[in-house]
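**Q** Its first residue numbered 116, the sequence shown is counted upward by one per residue in our numbering. Take a look at this one; I'll ask things after.
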Amino acid sequence: MVVGDLIYDLFECARVLFRFFWLLESIDNSDANLIVPHIMAHQLEEKRRASKRDVERLNIWRLWNHVIPFRHGQVQKPHQHKQFRKWQRNGLKKHRSQRYKLLKGVDPKFLRNMCCPKKHTKKDLKKMQANNAKAMSSCAEAIKDLVKPKVVKPKTPKCPSCKLTSLTFIALPKLGKRIRGYMVKGRWLFQLKSKV
């Protein structure tokens, strides 16, 4: 709203300047005293237009602040933007398969991905749905064939012997930094167990 007013004011200023220069060119130097009444008349006209614009703004503001009571104690303003979302929030919008008798019995998820489902008949839609399901299943089978099964790596047995622990530490790069400390600790624990 503010941007629109600014653009309007700029156009008005440009129009006034154009008219003023046109008057200067049209009137000779001898009739220069005629310029002042023209400018005065133009200023009066501008004031009248500005007052009219202010009245329009006031009316719009009153309309905007006018509050309409809505169901469940909600409050709704007269608003033109994104009405579809508002209907959906308030539970006013039904699904396509419920709204049109043609589309009853067709999968709503399939309808959601369709561009213009009303153009087709119910029989066509069901056929398309079946073809779509077949294509999806064949695609899934092809993907299964392409993907190789994961090879299960054999886990090293948990044993206190030093050789196995050192092998596990070498295999895991994250534990490579702490290998010495862990190996020493493992040996020490192994020695204690053997003494007992």
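Built from N, CA and C at the ideal position, the CB exists for glycine as well.
(1) Using the rule of at least 16 other Cβ atoms within 10 Å of the residue's Cβ for burial, across every protein chain shown, is L125 buried or exposed?
(2) Can you give the Cα-Cα distance for K242 and K265, rounded to whole angstroms?
(3) Please classify L159: is it buried, with 16 or more other beta-carbons within 10 angstroms of its beta-carbon, or exposed?
(4) Just mark L240 as buried or exposed, buried being the case when its beta carbon has 16 or more other beta carbons within 10 Å.
(5) Quick one, which of C128, Q244, A255 and S253 has its alpha-carbon nearest A165's?
(6) Nearest chain B C-beta to D169 closer than 8 Å, yes or no?
(7) Quick check on DSSP: helix, strand or coil for K265?
(8) Determine the direct distance from the alpha carbon of I122 to that of S253, and round the result to whole angstroms.
(9) Take N247 and list the residues in its own chain whose beta-carbon comes closer than 6 Å to its own, dropping the five residues that flank it on each side.
(10) Roughly how many angstroms lie between the CA atoms of V170 and R130, to the nearest whole one?
(11) What do you get for I183, buried or exposed, if any count of 16 or more other CB atoms within 10 angstroms of its CB means buried?
(12) Rounded to a whole number of angstroms, what is the C-alpha to C-alpha distance between K249 and A255?
**A** In short:
(1) exposed
(2) 38 Å
(3) exposed
(4) That one is buried.
(5) C128
(6) Among the chains of the structure shown, chain B does not appear; only one protein chain is present.
(7) Note: K265 maps to coil in three-state DSSP.
(8) 59 Å
(9) none
(10) 22 Å
(11) With a pLDDT of only 46 at I183, under 50, the local geometry of the prediction cannot be trusted, and the value read off the model is given with reservation. It is exposed - the Cβ of I183 has fewer than 16 other Cβ atoms within 10 Å.
(12) 10 Å
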